[in-house]
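Step one of this worksheet: look at the structure below.
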Amino acid sequence: MTRQRSAQTMKPATAAKKLGVLLDATPADFREGVVSRDELDALQADPPEWLRELRTTGPHPRPVVADRLGVSISGLARAGITEPLTTEQIAAIKSEEPEWLARERATRAESQREAARLKAQQQKK
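Each residue of the sequence shown is one higher than the last, beginning at 15 in this note's numbering.
Spelled out as structure tokens, the structure:
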């Protein structure tokens, strides 16, 4: 006898994280329900207007802000940036080029070089 599989669901916070958007900025019907794996796949394949708008203008969650600035999440925290930022605010920080941004970008680049070196060393073994 074959059992029918139930649809895999996730909390809205998990779905928002997978979509790269801030949960508080999503529509109420998204925040109040559960999201199935099929619904998530559909949102990723053909995003509705609200999702396209959030991805374009924000507010963006910290991982997205860090990535757009080219720094780590820890680097954002060291700089005192703990709140979500919009695309406009991210662009303003980039154009100002504060000292902390250059320092954190250098730190991230060094960290990535070290990770690549360790990976290459592991592959040789």
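The beta-carbon is built from N, C-alpha and C at its ideal position, and this holds for glycine as well.
- Boundaries of the alpha helix (DSSP H) harbouring LEU90: 87 to 92, taken from the DSSP string.
- Annotated as distal: ALA120 and PRO73, with beta-carbon spacing of 7 Å or more.
- Of the residues assessed, GLU67 falls on the exposed side of the cut-off, its CB having fewer than 16 other CB atoms within 10 angstroms.
- Here THR70 is not near VAL48, since their CB atoms are 7 Å or more apart.
- Per DSSP, the continuous alpha helix (DSSP H) segment holding LEU57 begins and ends at 51 to 59.
- Just measuring C-alpha positions, the residue of ALA30, LEU36, PRO75 sitting nearest GLU53 is ALA30.
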